[in-house]
Amino acid sequence: MAGVLAILPQQIVFGLALGTVYGLVALGYTMVYGVLFMINFAHGEIFMIGAYVGWWVLALLLQAQVGALHPAWVVPLMLLHAMLFAGLLGVGLERFAYRPLYLRGATRLGPLISAIGASIFLQNAVMLSQGARMKVYMTSLLFPRTWRIQIAGASVSLLVIVMIVVAGLMMWGLHLLVQRTKLGRSIRAVAEDREMATIMGVNVRRVIAVTFFLGSALGGAGGVLVGLYYTQIDFFMGYSAGLKAFTAAVLGGIGNIRGAMLGGLILGLVESLAVTFMNPAYKDVVAFVILIVVLVFRPMGLLGENVAEREKV
Amino acid sequence: MATAGWQRRMAWVLGAVAVVGPLAAPNDYWIGVMARICLYATLALGLNIVVGFAGLLDLGYVAFFGIGSYLYAFLASTHFGLHLPFLLAVPIVVVLTAFSGILIGAPTLRLRGDYLAIVTLGFGEITYLLLINLDRPVNITGGPSGIIGIDPPAVAGFALSRNTQYYYLFLATLALTLLASGRLRRSRIGWAWQAIREDELAARAMGINTTVAKLQAFAIGASFAGIGGSFLASWQRSVFPVNFLFTESINILAMVILGGMGNLLGVVMGATLLVSLPEVFRDLQRYRLLVFGLMLMVLMVFRPEGLLTLQGRHDEEAEPGA
């Protein structure tokens, strides 16, 4: 037990870092659900592709031998490329796989199955083009192992602080965008009532596309952060990460931006503590049990309204 | 668009072809493929009851397939030293798998559409994780190395051994499940399922007990998987957790969707295509899932009602005028 208590602060820091990233990826699910009432099943794959884009940026920089790589400019560069690529991919997906369905007014199962197809397609496209073997992130070149600080008995690497700060800043930026700008107001209007928003002159198609771009870009950024943290990525990483981020979104109340962040933090902490106290083989079971329990007993999540039974408007 | 009468005639022709099929098969391997088609068609018909008839999108159907396979392995193998005869073991497995359908279905009753899909997916993943991890502290499932030494089907001292024999067993079972599905669809329960699929609120208002009807769909759908699971275990003579991954759920779901949800002949056709095409295009095996994903998207965008559809079936998703 003393051994467990000794590593507890470490596990909490680990959980916080993981939780902010879950929150970041969860935002993609929540925003898309907010405007379209659909689960973008392929969001996990967008996250995975973000991780690959980040890897490629780093690999090309190393190849070009530009000299000393300092994280202060390399990490933003990786994030920027990953976000742009992931965002555009999200828009493309919306345009070709989902828009034809929602324009036709299809029921909820059609878009979900189309999203599952997109997910399988993207996973295999990455596997075929990038190889099935995992790729290694050269994190140690950016963040030397000696860059650590002591906080409350835990030895925290600078990378973890960067992760928390980057994810926090992005969430804050998104919050401002949605609450304070004209674009944000139209996103909220579409989420509230799509038909009424159309009548009020909101370009609904554009708003939905922008929402996909924003959510996917955040997912791509999450992919880079997770790649830097775990240092290994593969084409299948999006599946479980996507399910966990979705769990986080549901836990906080889907469609609710602050809920996604809260759900991410709780899930990250619970999961890292579960690994400490129980058989790590059941680590993934924890997330699924939380998901099922929340959906069955409190489908509206911690901060949300009840949407599990709400019909498509 | 196919009419019901046309489909019935097609069914008779296909049935006749299936019976003489093994004579035309180039070798034993292809008879094995045909047996697998029948096995998967039975599974797809089970999922069709949940997804096609009742409109409940179950993404974790493979859990029932896995539960059925492992239950048969428990009852008839050297693993626990139990060797129940085939004709006793299969009914027990079917009843227990149906019960597992009720257990998994019950918590999802209040959920609709995509939420139900994600929860069933969660149950599927939990089942897989349990199968792969329950070799410790007490060895129940054999962990990643599964269970081997499973008894083949034997009736009155005669044990099946050749692929042809399995093929006819599976084909006969498929015929029975087809018949049962057709009967169910035109039964009181079947109409209740279809009412729930079209509009749950209205169904409830019409006096349908939606709770009971949904649980019936889960239980009967799962029982088909129990049959399929017993057959797989006794045919392979072994079961492994990797037989029951999420991709398998999607594979079976795609069989149901490809042929047109709720359409029996379509579901059998979907199973035939999705089992045999990868065999025909062996060299393109690497691209199988890529094409598969693309197919799901294209199908949903251009032909959400599937390849075969019954004329006159009310379908909200059909395009206007189609």
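Protein sequences appear in the order of chains U and E. For the first sequence, position 200 matches number 199 in numbering that gives the first Met the number 0, and the numbering has no gaps at all. For the second sequence, position 287 matches number 286 in numbering that gives the first Met the number 0, and the numbering has no gaps at all. All residues carry an ideal CB built from backbone N, CA and C; glycine is no exception.
By alpha-carbon distance to Leu-23(U), the top candidate from Phe-84(U), Gly-214(U), Leu-158(U) and Leu-60(U) is Gly-214(U). In this structure, the alpha-carbon of Arg-144(U) lies about 10 Å from that of Val-155(U). For Asn-123(U), a Cβ of chain E is located within less than 7 Å of the residue's own Cβ. For Val-118(E), the closest Cβ of chain U is nearer than 7 Å. Listed along chain E, the residues sitting closer than 7 Å to Pro-99(U) by beta-carbon distance are Val-300.
By the rule that beta-carbons nearer than 7 Å mark a contact, Ser-215(U) does not touch chain E. Where Gln-64(U) is concerned, there is no enclosing alpha helix (DSSP H), because DSSP gives it neither an H nor an E.
DSSP lists Gln-149(U) as the beta-bridge partner residues of Ser-154(U).
Spatial neighbours of Ser-76(E) in its own chain (CB-CB distance under 7 Å, excluding positions within 5 residues in sequence) are listed in chain order as Ile-146, Gly-148, Ile-149 and Asp-150. Taking CB atoms only, Gly-51(E) has no neighbour in chain U less than 7 Å away. The alpha-carbon separation between Leu-13(E) and Met-254(E) amounts to approximately 17 Å. Shown here, Phe-142(U) sits in coil according to DSSP, grouped into three states, outside any helix or strand. Runs of the alpha helix (DSSP H) spanning 4 or more residues and lying entirely within the region 249-304 of chain E occur at 263-279 and 287-301, in chain order. When C-alpha distances from Tyr-69(E) are compared across Gly-156(E), Ile-195(E) and Ser-233(E), the shortest belongs to Ser-233(E).
Counting C-beta pairs closer than 8 Å gives three or more between the region 241-250 of chain U and the region 26-40 of chain U, which meets the contact rule.
Sequence-distant partners of Asn-162(E) (beyond 5 residues in either direction) whose C-beta falls short of 7 Å from its own C-beta, in its chain, are Asp-27, Ile-30, Gly-31 and Ala-34. The CB of Met-37(U) comes closer than 8 Å to the CB of Asp-113 in chain E, given here in chain order. According to the DSSP secondary-structure assignment, Ile-146(E) is paired through a beta bridge with Val-238(E).
DSSP places Ile-207(E) outside both helix and strand once states are collapsed to three, so it counts as coil. Per DSSP, Phe-98(E) is one residue of the alpha helix (DSSP H) stretching across 85-104. At a beta-carbon threshold of 8 Å, the residues of chain U lying near Arg-285(E) are Leu-127, ordered along the chain.
One finds nothing in chain U with a Cβ atom closer than 7 Å to the Cβ of Asn-208(E); even the nearest lies about 18 Å away.
Per DSSP, Tyr-238(U) is one residue of the alpha helix (DSSP H) stretching across 236-251. Under the three-state reduction of DSSP output, His-82(E) falls in the strand class. Pro-106(E) belongs to the set of residues whose beta carbon lies under 7 Å from a beta carbon in chain U. For Gly-141(E), no Cβ of chain U is located within less than 7 Å of the residue's own Cβ. Close to Phe-291(E), with beta-carbon spacing below 9 Å, are these residues of chain U in chain order: Gly-116, Ile-119, Phe-120 and Asn-123.
Not one beta carbon of chain U lies nearer than 7 Å to the beta carbon of Met-33(E). Proximity of Ile-195(E) to chain U, defined by a Cβ-Cβ separation below 7 Å, is not satisfied. For Val-12(E), DSSP assigns no beta-bridge partner whatsoever. Distances from the alpha-carbon of Arg-285(E) to those of Ser-128(U), Val-203(U) and Met-77(U) put Ser-128(U) closest. For the region 254-270 of chain E, the residues whose beta carbon sits under 8 Å from a beta carbon of chain U are, in order, Ile-256.
Under a 10 Å Cβ-count criterion, Leu-22(E) is classified as exposed, with fewer than 16 other Cβ atoms of the shown protein chains found around its own Cβ. The three-state secondary structure of Ile-226(E), taken from DSSP, is helix. Every alpha helix (DSSP H) stretch that sits fully inside the region 117-198 of chain E and reaches 4 residues is listed by chain position as 162-184 and 187-197. At a C-beta separation below 7 Å, Asn-242(E) has no neighbours in chain U, since its nearest C-beta there lies roughly 18 Å away.
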